[in-house]
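**Q** Following this message is one structure expressed as structure tokens.
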Amino acid sequence: MKKFSKKDREVKLFVGPQHPGVTGNMSFEITLEGDILTSVKTHVGYLHRAFEKLMERRLFIQNFPLVCRICVPESDTNEENYARALEELSGIEVPERAKWIRTLVLELSRLQMFMRWIGGIAGTMGLSTAPQWSVGDRDYILDLFEELTGGRIYHIYILPGGVRRDLPEGFEERVLKVMDYLEKKLPDYDDLIFENAVFKKRLKGIAKIDPSWVEEIGVTGPVARACGFPFDVRKEQPYEVYDKLDFEIITENGCDLYSMAMVRRREIDLSINLIRQIIEKMPKGDVWTPLPNVLYWKIPAGETYVKSEATRGEFGYYVVTDGSDKPRRVHVRGVSTPHAYTLLERLVPGMNISDFSVAIVGLQTCPPEIER
Amino acid sequence: MWIWYKVLYALIVVIGGLAYGLLLGGISRKITARLQGRRGPSVFQNYIDLIKLIRKRTAISHGVMFFLAPMFRLLGGIGVLLLVPIIANNTALSNFSFGGDLIVVLYFMVFGCLGMALGAADSGHPHSALAPTRGLAQMAGYELPFLLSVIGLAIAHNTVSLSNLVAAQQGGILHWNLFQYPFLSIAGLIAMLGMYMAYPFSVVMAPQEIAVGPPTEYSSTFLSFMFTGRSIFGVGKYVLFMDLFLGGATNLVEAFVKTFVLFLFVVFISNVFPRYRTEQAVRFFWTYPLVIGLIDFIRIFIK
Amino acid sequence: MEDLIKRIESIFKVLKKERGKRDNLWIIEVEKDSLHAVLSYLKDNESFKHLALVSCVDWIENNKFQLSYILWSYQKRQNLIVKIFIDRDKPEFKTVLNLFPQAEIYEREIRELYGVSFEGNPTQNEDFVLEDWEEMPPMRRDFDTLKYSQEKYGDRDSEVQKTNIRKIISDFTDEWRRK
Amino acid sequence: MDIKGILKPLTAWKRAFQPPHTIEVPNKGKREAAERYRGFHYNDIDKCIGCGTCSAICENEAIKMVKVREPQKGDSGYRPRIDYGRCCWCALCVDVCPTGSLEMTNEYVWVRESADEFIFTPGVDIIGHEEKRDKGYKKDEKLNFLHLERVPMRELDGKERTKTFAEVVLGYLEEEARREAERCIGCGLCISGCPARMHIPDYIRAIAEGDDVKSLNIIYENNPMPEMCGKVCTRRCEFECSLGHLGDPVAIRWLKRYVVEQFDDLRKYVKAEPQPLNGKKIGIVGAGPAGLTAAYYLRLKGYETEIFEAAPKAGGMTFLGIPKYRFPIPSLDKQVELIESVGVKIHYNSPVTDKKFKEMLEEYDAIFIATGLPKGMSMRIEGENHPKVTYAIDFLRRVNLGEKIRLDGEDVVIVGGGNVAIDAVRVAKRLGANSFIAYRRRVVDMPADEEEIEATEHEGIPIYTQIIPLRVEDGPEGKVKLIYGKAKMVQEKPGERPRPVLIEGKEYEYVVDRIIVAIGQQPELSYLPEDIRNKIEMNRRLIKVNERQMTSIEKIFAGGDLTNWTADAISAIADGMRAVKGIEMYLNGEISWDKK
Amino acid sequence: MKDNKYFLDDKPDKISYSEVWQKFFNWARAKSLWVVAYGTGCGSIEIPPMVTSRFDAERFGVSTVGTPRQADVLIISGYLAVKTLKRVIRVYEQMQSPKYVVGLGACTVNGGMYYDSYNTVNLVELYIPIDVYVAGCMPRPEAILAGFAQLMKKIKEGRADGWKHYLDNFEQYRKNQEKIIKNWKIPNYNW
């Protein structure tokens, strides 16, 4: 009788790009032994738009409609990062109020991303009520964005020198109203999701990260914080007005998906808290320092690396200028690049196939920012 | 001559069952929508979906088994529906129930699922091939508490005829098995959740994990057969559980009400839980319902 | 931070050092051959454990590729960009995979988009974002993406060209200016 | 077992009793987008000037300009056509639009079945959201990409400057010039205003980039007298500047002045390399801007050029007519030096007579006459020949030629409202007179530059308006009396310039020491031989020429104020440029009088 | 297994039935549109809001399914990278007729903001037939719903025959597709 080798028992399976369990347009080549994964290979490139090449062909100001599309659901971080890089290289000062407004926008953006993520993580486990609620509630934040910036998803609101428009009249109250609404609804989410027995059972102990990996492979964001590492760019290297806000870094010690989920759950509270603080402390004044003539704007040669805390971790922009009116090179550090490749490859062996899509949503991989 | 009447009645029951099943699906969607804070589709949406599916063209071939599987599914559904008496001792609606119908029903229930599994495995899609293994594992899970409760009831009432079971529960609400043998009923009802692939036990049709499970490759007319089969099967199971635990029905209105309550129970649970992993689901079935059911089972034996 | 640069200078040859536009950023250029030693020293002795990014810049005028390694120290809260230049005609370098596992994917990206090969990186020749790519590596400065796109993918509206208003204005009355 | 965890989720059903928050679109009405929503474009095509800035800033090349109407001054006639297969609704075009005509409405539904229906020209193609434009993304007054405020020019103080003939305008410092040049968006509409079609955006760009030499050379491509233009040009380009619609136009004139002022000796910096002589000779009468221009560029093209000038200096009216506080002599010399350095021969103090002109006709292959308008126009009223009545042009000429005139304490009335009138009144003020202006129409109707009118205010010069001179009489104590009537403004047709009509009956008078008449000038053609003078086709008092500056007489080209109703230096330069082209074509046989 | 050049063995033939039935089924088709859950581009960011509680596309019978086999509608949500195009064509050919394609956003019409990118196609209509285009970048959920309304109207009127057009002009489409996609063999990491 022929003995089956391990190789014979292995099944190769392709998850994505068209697969309901994959966030965004990416694919994974997984090897299965029964229900257990033995290895994974990540494939991206389905969303490659050659941003960095296109940016080298466009004026600095023309790049803003591009950068906000680099990570689709979280456009403001991109805009803010790129704007800050240009400000640094060209020496433009930003008015105080603009900084506060930027921080407000960033926090709102984080908040909507977390709301969306709730839908994602619960949705991958089949709890379709959660995405229906959270994506619906997220829409109120998008309405705020629409009112403030004129766009729901792509805001093109943060430009070098400040922000594009001042807050509309009564905007602060409406923000607070939405925050009140969310705070009222969040206990429902806790009941439905975060305290759900099945939810806990599915997430606890899954995708267990070895804390030593965090520094080794450059894991950042909630994933690192779930391992007890207080890494948060907002505190580490405060940008905009984060140094003037009062908050603590959120950490958990479980190192598994449940801890990551709880970090994100608590980040929602933190974001709401920060938004309230910002609105309370926001000063009056100008929101815009006029740029040089944008059609001919040249920035002296130099290079810089700026970063900020996206919902997924350290989002960085490496910008090189050569004194012309176009950037020489813009390289975006997509947060989830190490998460989707190096970390996932280490996490996968021994994982159940049912947990695979939960894990990729739990790590919050975002293909557009990996491939750009 | 009576056999032709029987066939006519059977046809009416199947069509009525289908209509009712589709309507329940529509209502389920509406209720779910309400929970999720939205309007939801019309309750007749499922009818429209079915009409559309029937006239979609299919251009896929994966072999004979692939085509037969939906038939098995449909047959299993019709079999279950036609064997359980909707209204016991009613000429028209007691269907083909006979002395040992409970055993045959159990067989038909597995038959449909097995057919499905064969078809899925034959469709050549790795995801849908994964689904039967999960489905069978889960079946092994829920069949245990279900069989426990069915056998327990059979022993308790000393019969394997559904009509007799129903008859034994007549005479007031407290005579229902639900109250007579509450623990067995709980085990049976939890097993029913598994049977309906309701969350948290929906490991077979797990869209985020293995595409959409067995019917991944199915489309158009075949899918409509599956759809029909599922609706009829669903109604059949509701009727079965009504007969087993809720004392059957003496008229159509009662039957509607009772099946609707069972349906609400499934909807009530399935919308607020995520899905278990396969082995977690099996483990769940083999622990809590089994243990709970055993309490009554032992009680029956002692008696 | 200046101490650190001095310490590095005392051990390695630093070709160029430059303070970034903000306080906690320094950019140093080192010799190509000593890069691994520098990174290794920074990682082990100076707590620069977090490699944020490996990037490549095409300086086509000088016929060079610049490779930048962006490091971050959690303890010092400092960013440090270590850069080297390699020859554009012979785009080869050695991998830093043994120091930073996540460099694998950044190097694969550079390999695909710039054509710089990294000796010792086992997966560098796998597809990253492109599939069946036959032209020169697309991120190189001499690759004309607009031309490529229009030739390959077409353009709906090509008959109306982008109009130069300047030209129209200067043309519209005075014949004498026309040749 | 986690009982709490199993029961808690069931409480979520309480949400089922809250009303759904679904927005019922599109079956039950339509949801309006936010006030600032960046929806579809709207363009007010009458306000739009077709500058193409939106097209320039669009990173997607979604905006292309298409011809909608005939071009005219300050309006290219092109309008943005937007391709919604490219647009990304970033609204950079709205923020950069210099007229504010481009807006975005908050409409957002655009569904089509064919891919070809996504191209439209807002304002031309009506798509249905035009009426609802009260909401949407609009230009913000403060926060946009344009720099609407001009860098102020430093000037001599008003009281200070009436005492001397020193230059009033001090010119930009380097930093100011860069800042001002930076404002230009490079649309090129200014070119439509400039008769000489100078490459304005290019040289402004060069200034902004700090390359003054490049800028100078661009300027010299079609203007050999840039410093003169930089100081006294009527700057019609600035009226067409697209930034002028919402803010101040770019100070094109001051920028040109800045560039040329940077160089003491233009000969070193201007790359003027004349081609070797080709044996053809061109004679030019009059060394005004037109003549100098023609001579300079013809010489660069290899023709031998000679200019005959009656005055002791070149420059024509810019030398004789323009007061030195506006255009000092050294500036003029600098430019003439350059022109002479390329090989242009200028014969000073050599007025052309009819005899000489006949000789010239023999000697030269072509003749260009640009003798301008050296004679003042008369008011055609009684007593105009009074000795105390002079013509402004004669007055200015005398002053500029260095005649020492003092008018201390005299009352001088200047009749007229043009630039010459204002020059005369300011010169008279500087010579010590209490001069003032009497004009037929209102101040707003004055043809003089606004800036000049403002300058009179700074210098404390009154302007009396709606005054119609009736006659001149002898006044007491050797003074002279100007009798005038008041006028009322009558607009006959809407849109027409109102006409002053005398209010009959009442008469007033000014008793002054001197009356200077500045109501226009006329040519002096006595040097032309009689047969030519009789034959030559005239357009009222000016010579008629075609678009190549050809007169009706073979070999004779004409230009400058002599042919040109606008009568300013830049038009004269343009005439010169045109004549260069015409002469070249004539001598190459491309055009001739037969085919004319 | 024989080396199939195309994903389909051969092109499926067309259906024909009487007009009344046609109308009835067209009505049913219009009322029940199942969208394949494939976010091909950044437009997929507005699909979740559309199908969830705030806009609730299920009111019109629009719901998502996980597999192309069962789907009626393919949403091209924005730009198509070359790598995605290959999968999109495969997904489209796996879908069963009658099938419809909705193009979202500027990128599907004329390349959008990636008109000069070497990796995104400009004119999607060259490779698969698109029934309804919705302008926007990205279109709001309301606009997408309006697009669906238009698609429903088109189906009801029996004009939504992009799939027929695809079959009729299969060679032409294939030629266009082959111009871009070099390697038609299915890569080993795709099903």
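Protein chains in written order, with this note's numbering: chain A, 1 to 372; chain B, 373 to 675; chain C, 676 to 854; chain D, 855 to 1450; chain E, 1451 to 1641.
Yeah, the Cβ is synthetic: ideal placement off N, Cα and C, and Gly gets one too.
With the cut-off set at 8 Å, would you say V415 of chain B and G393 of chain B are in Cβ contact?
**A** The residue labelled residue 415 of chain B in the question sits at position 43 within the second sequence. The residue labelled residue 393 of chain B in the question sits at position 21 within the second sequence. In this structure, G393 of chain B does not lie closer than 8 Å to V415 of chain B by Cβ.
**Q** A1531 of chain E touches chain A at which residues, Cβ-Cβ below 8 Å?
**A** Taking the first residue of the fifth sequence as 1, we reach residue 1531 of chain E at position 81. Within chain A, the residues near A1531 of chain E are G45, Y46, L47, H48 and R49.
**Q** For V223 of chain A and K185 of chain A, I'd like the C-alpha separation in whole angstroms.
**A** For this step, residue 223 of chain A is matched to residue 223 along the first sequence. For this step, residue 185 of chain A is matched to residue 185 along the first sequence. Computed Cα separation, rounded: 25 Å.
**Q** Just to confirm the assignment, what range does the alpha helix (DSSP H) spanning S1527 of chain E have?
**A** Locating residue 1527 of chain E in the fifth sequence gives position 77, where the first residue counts as 1. No alpha helix (DSSP H) contains S1527 of chain E, which is instead part of the beta strand (DSSP E) from V1523 to S1527.
**Q** Please report how far the alpha carbon of I1454 of chain D lies from the alpha carbon of V1023 of chain D, in whole angstroms.
**A** The shown model of chain D, from 855 to 1450, leaves out residue 1454 of chain D, and the question about it has no answer.
**Q** How big is the Cα-Cα spacing for V1086 of chain D and E1191 of chain D?
**A** Locating residue 1086 of chain D in the fourth sequence gives position 232, where the first residue counts as 1. Locating residue 1191 of chain D in the fourth sequence gives position 337, where the first residue counts as 1. Cα to Cα, V1086 of chain D sits roughly 19 Å from E1191 of chain D.
**Q** Any beta-carbon of chain D closer than 8 Å to the one on K837 of chain C?
**A** For the purposes of this step, residue 837 of chain C is identified with residue 162 of the third sequence, where counting begins at 1. It does: the Cβ of K837 of chain C has a partner Cβ on chain D nearer than 8 Å.
**Q** Is the CB-CB distance between Y749 of chain C and S722 of chain C below 8 Å?
**A** For the purposes of this step, residue 749 of chain C is identified with residue 74 of the third sequence, where counting begins at 1. For the purposes of this step, residue 722 of chain C is identified with residue 47 of the third sequence, where counting begins at 1. Yes, the Cβ-Cβ distance between Y749 of chain C and S722 of chain C is below 8 Å.
**Q** For A969 of chain D, which residues of its own chain have a beta-carbon under 6 Å away from its beta-carbon, when the five flanking residues on both sides are left out?
**A** Counted from its first residue, the fourth sequence places residue 969 of chain D at position 115. Closer than 6 Å at the Cβ level, and outside the excluded window around A969 of chain D, lies no residue.
**Q** Which residues, in order along the segment 634-660 of chain B, keep a beta-carbon less than 7 Å from a beta-carbon of chain A?
**A** Those would be N643, V644, F645, P646, R647, Y648, R649, T650 and Q652, in chain order.
**Q** How would you label W1447 of chain D, buried or exposed, when you count the other beta carbons within 10 angstroms and need 16 or more for buried?
**A** On the fourth sequence, position 593 is the one that residue 1447 of chain D refers to. W1447 of chain D should be labelled exposed.
**Q** Which full runs of the beta strand (DSSP E) of 3+ residues lie inside the segment 733-796 of chain C, going along the chain?
**A** Entirely contained in the segment 733-796 of chain C, the beta strand (DSSP E) runs reaching 3 residues are, in chain order, 739-748, 753-762, 767-769 and 792-794.
**Q** Whole angstroms are fine: how far does the CA of I672 of chain B sit from the CA of A540 of chain B?
**A** By 1-based counting over the second sequence, the position of residue 540 of chain B is 168. By 1-based counting over the second sequence, the position of residue 672 of chain B is 300. One C-alpha to the other measures close to 15 Å.
**Q** Would you check if the distance between the CB atom of T820 of chain C and the CB atom of P813 of chain C is smaller than 8 Å?
**A** By 1-based counting over the third sequence, the position of residue 820 of chain C is 145. By 1-based counting over the third sequence, the position of residue 813 of chain C is 138. A contact, by the Cβ cut-off of 8 Å.
**Q** Could you give the DSSP three-state label for K688 of chain C: helix, strand or coil?
**A** Taking the first residue of the third sequence as position 1, residue 688 of chain C is located at position 13. Coil, per DSSP.
**Q** V1541 of chain E touches chain A at which residues, Cβ-Cβ below 8 Å?
**A** Here residue 1541 of chain E is taken as the residue at index 91 of the fifth sequence, counted from 1. Residues of chain A passing the Cβ test: Q18.
**Q** Counting C-beta neighbours from all protein chains within 10 Å, is the total for P367 of chain A 16 or more, i.e. buried, or is it exposed?
**A** Here residue 367 of chain A is taken as the residue at index 367 of the first sequence, counted from 1. Label assigned to P367 of chain A: buried.
**Q** Closest by CA to R1153 of chain D, which one among D:F999, D:E1194 and D:H1001?
**A** Along the fourth sequence, one-based indexing puts residue 1153 of chain D at 299. Nearest of D:F999, D:E1194 and D:H1001 to R1153 of chain D, Cα basis: D:E1194.
**Q** Looking at A1266 of chain D: is its Cβ nearer than 8 Å to the Cβ of A1282 of chain D?
**A** Residue 1266 of chain D sits at position 412 when you count from the first residue of the fourth sequence. Residue 1282 of chain D sits at position 428 when you count from the first residue of the fourth sequence. The displayed chain sequence assigns Val, not Ala, to residue 1266 of chain D. Result yes, Cβ atoms of V1266 of chain D and A1282 of chain D sit closer than 8 Å.
**Q** Helix, strand or coil for V1267 of chain D, going by three-state DSSP, please let me know.
**A** What you label residue 1267 of chain D is simply residue 413 of the fourth sequence in a count that begins at 1. Strand, per DSSP.
**Q** Which value, in whole angstroms, describes the spacing of the CA atoms of K298 of chain A and G939 of chain D?
**A** Here residue 298 of chain A corresponds to residue number 298 of the first sequence, with the count starting at 1. Here residue 939 of chain D corresponds to residue number 85 of the fourth sequence, with the count starting at 1. Each residue's Cα considered, the two are about 30 Å apart.
**Q** In its own chain, which residues sit with a C-beta less than 8 Å from the C-beta of A340 of chain A, not counting the 5 before and 5 after it?
**A** Residue numbering aside, residue 340 of chain A sits at position 340 when the first sequence is read from its first letter. Excluding sequence neighbours, A340 of chain A sits near M26, T42, V44, I360, L363, T365, P367 and I370.
**Q** Does the segment 530-546 of chain B come within contact of the segment 643-656 of chain B, defined as at least 3 CB pairs closer than 8 Å?
**A** Contact between the segment 530-546 of chain B and the segment 643-656 of chain B is absent, because fewer than three Cβ pairs lie under 8 Å.
**Q** Take I683 of chain C as the anchor and find which of C:L755, C:K765, C:D807 and C:Q799 has the nearest alpha-carbon.
**A** By 1-based counting over the third sequence, the position of residue 683 of chain C is 8. With distances taken between Cα atoms, I683 of chain C lies closest to C:L755.
**Q** Which bits of chain D does R406 of chain B rub up against, with CB to CB less than 8 Å?
**A** By one-based count along the second sequence, residue 406 of chain B stands at place 34. Here the neighbours are A870 and P874.
**Q** Going along chain E, which residues have a C-beta under 7 Å from L772 of chain C?
**A** Residue numbering aside, residue 772 of chain C sits at position 97 when the third sequence is read from its first letter. Those do not exist, as L772 of chain C stays about 23 Å from chain E at its closest Cβ, beyond 7 Å.
**Q** Just to make sure I have the definition right: I need the residues of chain D whose C-beta is within less than 7 Å of the C-beta of F1604 of chain E. Which are they?
**A** The residue you call residue 1604 of chain E lines up with position 154 of the fifth sequence. It is worth fixing the name first, because residue 1604 of chain E is Lys in this sequence and not Phe. Chain D residues near K1604 of chain E: E967.
**Q** Whose Cβ in chain E lies nearer than 8 Å to the Cβ of R885 of chain D?
**A** The sequence position of residue 885 of chain D within the fourth sequence is 31, counting from 1. Residues of chain E passing the Cβ test: E1592.
**Q** For F91 of chain A, count neighbouring C-beta atoms within 10 Å of its own C-beta (all shown protein chains included) and say buried if the count is 16 or more, exposed if not.
**A** Taking the first residue of the first sequence as position 1, residue 91 of chain A is located at position 91. What sits at residue 91 of chain A in the sequence shown is Gly, not Phe. The residue in question, G91 of chain A, is exposed, as its Cβ has fewer than 16 Cβ neighbours within 10 Å.
**Q** Mind checking whether E823 of chain C and D733 of chain C have CB atoms under 8 Å apart?
**A** On the third sequence, position 148 is the one that residue 823 of chain C refers to. On the third sequence, position 58 is the one that residue 733 of chain C refers to. In the sequence as presented, Glu is not what sits at residue 823 of chain C; that position holds Tyr. No; because the gap between Cβ atoms is not below 8 Å, this pair is not in contact.
**Q** Counting contacts by CB-CB distance shorter than 8 Å, is L821 of chain C in contact with chain E?
**A** For this step, residue 821 of chain C is matched to residue 146 along the third sequence. Closer than 8 Å: yes.
**Q** Give me the Cα-Cα distance between G1561 of chain E and L1573 of chain E, rounded to the nearest whole angstrom.
**A** In the fifth sequence, residue 1561 of chain E corresponds to position 111, counting from 1. In the fifth sequence, residue 1573 of chain E corresponds to position 123, counting from 1. If I take the Cα positions, the gap works out to 6 Å.
**Q** My guess is that L1535 of chain E and I1631 of chain E are in contact by the Cβ rule of under 8 Å, so how many angstroms apart are they, rounded?
**A** The residue labelled residue 1535 of chain E in the question sits at position 85 within the fifth sequence. The residue labelled residue 1631 of chain E in the question sits at position 181 within the fifth sequence. Going by Cβ atoms, the distance from L1535 of chain E to I1631 of chain E rounds to 7 Å, so yes, they are a contact pair.
**Q** Name the residues in the segment 1345-1363 of chain D whose C-beta lies less than 9 Å from a C-beta of chain E; which are they?
**A** For the segment 1345-1363 of chain D, which is checked against every Cβ of chain E, not one residue is closer than 9 Å.
**Q** Answer with yes or no whether the minimum CB distance from R852 of chain C to chain D is below 8 Å.
**A** Translated into positions along the third sequence, residue 852 of chain C becomes position 177. Reliability of the predicted coordinates at R852 of chain C is poor, the pLDDT of 49 falling under 50, and the value obtained from them is presented with this limitation in mind. So, interface residue.
**Q** Which residue spans inside the segment 1273-1319 of chain D form an unbroken alpha helix (DSSP H) run of at least 4?
**A** Runs of the alpha helix (DSSP H) inside the segment 1273-1319 of chain D: 1273-1284 and 1304-1312.
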